[in-house]
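*Asks:* The numbering of the sequence shown is full-length UniProt numbering, which starts it at 1 and goes up by one.
The beta-carbon is built from N, C-alpha and C at its ideal position, and this holds for glycine as well.
Please read these numbers as outputs of a predicted model, since none were measured by experiment.
Submitted below is the structure of interest, expressed as structure tokens.
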Amino acid sequence: MIECLSAVDASVIASISYEFVEPLKDPLRLYSPSIELNETSSEPFLTRHPYEILAEGSQKNVPWMVGFNSAEGLIVTLGIYESDEWTQEMNLNWNNLAPQFLVYNKNDTNLINSINEFYLNVTISDNIDFQADMQGFTNIFSDRLYIHASLEAVKIQGNFSPVFLYYNDYATESNQFGVGTSHGEELSLLFSPPDFSLPITEGHPDYEQSKIMVDLWAQFVTDPYTTKFGNDLWHPVDSTEKEMTCLNLKNPIKGEQGVGSLSDAIIKRVEFWNSNGVPPYQVFKDL
1 MIECLSAVDA
11 SVIASISYEF
21 VEPLKDPLRL
31 YSPSIELNET
41 SSEPFLTRHP
51 YEILAEGSQK
61 NVPWMVGFNS
71 AEGLIVTLGI
81 YESDEWTQEM
91 NLNWNNLAPQ
101 FLVYNKNDTN
111 LINSINEFYL
121 NVTISDNIDF
131 QADMQGFTNI
141 FSDRLYIHAS
151 LEAVKIQGNF
161 SPVFLYYNDY
171 ATESNQFGVG
181 TSHGEELSLL
191 FSPPDFSLPI
201 TEGHPDYEQS
211 KIMVDLWAQF
221 VTDPYTTKFG
231 NDLWHPVDST
241 EKEMTCLNLK
251 NPIKGEQGVG
261 SLSDAIIKRV
271 EFWNSNGVPP
281 YQVFKDL
């Protein structure tokens, strides 16, 4: 099998995974790292859970730039929204689907009621209208699948090396949905991915923001400790403080960008999961 896979171009293997994308079956199907159990391998890649490695500081401790987009969960909810069949399934069976979607113990029957009240302002007995509350559902998936774990990693890694956090809420020209910046949406501002639209060149609506972000990334690679946004130095997160230093990337025309703090609204959403005893990660065999 190894010889066979080695003979196939990596892009071909990676592209096949998209054929299996069905949000109502498993939104995490594309993200499936596994722990290697064969300890006799001469070059093992992952032999323990990443959380354990991170917590004890065994990872490569270098300055780390990390961030997330405001609507990461759109990678799940947009596919559901565009399908009448999947939307109906969500409306009818959301309470039963939630444990699988959000990767938590299905025996925790109280959690879904807390989720519905906090994010959707409904109770477990109320009717669900997925399309009407697209923002709420997108926030649920964003927080549980991306933001909660990301901020936990920031706090832990901050004990071992400087962590520079950014929050991206800049909507590109291709973003027509209006609930936030989707997973991977910033890639077209930094690179020219083959699966995206035409390259961003001078005159394009996103050209100025692309210049800003490319400059930031180039500065960080050169020297993370002197990276600036305008005249403001981008400071690393202080893991001992509740307020998290953050570079906010938004609409430059409105002057909303700059070094500041992560918004209280996001912090409260993350605290929701912590207060309900939901860990930022889960091992699938434990579900």
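Are the beta-carbon atoms belonging to PRO280 and PHE164 less than 8 Å from one another?
*Replies:* Your numbering for residue 280 matches position 280 in the sequence shown. Your numbering for residue 164 matches position 164 in the sequence shown. No. Outside cutoff.
*Asks:* Name the residue from THR181, SER125, THR222, SER41 whose alpha carbon lies nearest to the alpha carbon of THR77.
*Replies:* Translated into positions along the sequence shown, residue 77 becomes position 77. Nearest option by C-alpha distance: THR181.
*Asks:* In chain order, what residues of the same chain lie with their CB nearer than 6 Å to the CB of ASP286, ignoring the 5 residues before and after it?
*Replies:* For the purposes of this step, residue 286 is taken as residue 286 along the sequence shown, with counting starting at 1. Confidence is the limiting factor: at ASP286 the pLDDT is only 45, short of 50, which leaves the residue's position unreliable, though a coordinate-based value still follows. Within the same chain, no Cβ atom closer than 6 Å to the Cβ of ASP286 is found once the five residues on either side in sequence are excluded.
*Asks:* Using the DSSP secondary-structure output, state which residues sit across from THR245 in a beta bridge.
*Replies:* As a working note, residue 245 is residue 245 in the sequence shown. THR245 pairs with SER261.
*Asks:* Using the C-alpha atoms, what's the distance from TYR225 back to SER150?
*Replies:* On the sequence shown, residue 150 is found 150 positions in, with the first residue counted as 1. On the sequence shown, residue 225 is found 225 positions in, with the first residue counted as 1. C-alpha separation (whole angstroms): 21 Å.
*Asks:* Quick one: Cα of TRP273 to Cα of HIS148, how far?
*Replies:* Stepping through the sequence shown from its first residue, residue 273 is reached at position 273. Stepping through the sequence shown from its first residue, residue 148 is reached at position 148. Using only the alpha carbons, I get a separation of about 8 Å.
*Asks:* May I ask you to report which of helix, strand or coil DSSP gives PRO280?
*Replies:* Start at 1 with the first residue of the sequence shown, and residue 280 comes out as number 280. Coil, per DSSP.
*Asks:* Using the three-state DSSP reduction, which class does SER182 fall into: helix, strand or coil?
*Replies:* To locate residue 182, count along the sequence shown from 1; it is residue 182. The answer is strand: DSSP assigns SER182 an E or B state.
*Asks:* Is it the case that the Cβ atoms of GLY260 and ASN248 are separated by a distance below 8 Å?
*Replies:* In the sequence shown, counting from the first residue as 1, residue 260 sits at position 260. In the sequence shown, counting from the first residue as 1, residue 248 sits at position 248. Cβ atoms of GLY260 and ASN248: closer than 8 Å.
*Asks:* How big is the Cα-Cα spacing for VAL12 and ASN93?
*Replies:* As a first step, residue 12 is located in the sequence shown; it is residue number 12 there, counting from the start. As a first step, residue 93 is located in the sequence shown; it is residue number 93 there, counting from the start. So the two alpha carbons sit approximately 35 Å from each other.
*Asks:* May I ask you to list the residues that DSSP assigns as paired with MET65?
*Replies:* Locating residue 65 in the sequence shown gives position 65, counting from the first residue. MET65 pairs with PHE164.
*Asks:* Any idea what DSSP makes of LEU111, helix, strand or coil?
*Replies:* Here residue 111 corresponds to residue number 111 of the sequence shown, with the count starting at 1. Here LEU111 sits in helix by DSSP.
*Asks:* Please give me, in chain order, every unbroken run of the alpha helix (DSSP H) with length at least 4 that falls completely inside the stretch 70-123.
*Replies:* Listed in chain order, the complete alpha helix (DSSP H) runs (minimum 4 residues) inside the stretch 70-123 are 74-81, 84-102, 109-115.
*Asks:* Look at the alpha carbon of ALA171 and the alpha carbon of LEU187, and state the distance between them as a whole number of angstroms.
*Replies:* As a first step, residue 171 must be located in the sequence shown, where it is residue number 171. As a first step, residue 187 must be located in the sequence shown, where it is residue number 187. When rounded, the distance between both Cα atoms is 12 Å.
*Asks:* Please report the distance separating the alpha-carbon of HIS204 from that of SER263.
*Replies:* Taking the sequence shown and counting its residues from 1, one reaches residue 204 at position 204. Taking the sequence shown and counting its residues from 1, one reaches residue 263 at position 263. Going by the C-alpha atoms only, they are around 30 Å apart.
*Asks:* Can you find at least 3 beta carbon pairs, one from the stretch 128-148 and one from the stretch 54-74, that sit closer than 8 Å?
*Replies:* yes
*Asks:* Helix, strand or coil, according to DSSP, for ALA7 in the structure here?
*Replies:* For the purposes of this step, residue 7 is taken as residue 7 along the sequence shown, with counting starting at 1. Coil at ALA7, not helix or strand.
*Asks:* Using the C-alpha atoms, what's the distance from GLN135 back to GLN219?
*Replies:* Mapped onto the sequence shown, residue 219 falls at position 219. Mapped onto the sequence shown, residue 135 falls at position 135. Cα-Cα distance, rounded: 34 Å.
*Asks:* Have a look at ASP232, VAL214, SER239, ILE200 and flag the residue whose alpha-carbon is nearest the alpha-carbon of ASN159.
*Replies:* Translated into the one-based positions of the sequence shown, residue 159 becomes position 159. With respect to the C-alpha of ASN159, the residue from ASP232, VAL214, SER239, ILE200 having the closest C-alpha is SER239.
*Asks:* Would you report the Cα separation of GLN100 and SER275, rounded to the nearest angstrom?
*Replies:* Along the sequence shown, read from residue 1 onward, the residue named residue 100 stands at position 100. Along the sequence shown, read from residue 1 onward, the residue named residue 275 stands at position 275. So the alpha carbons of these two residues sit roughly 20 Å apart.
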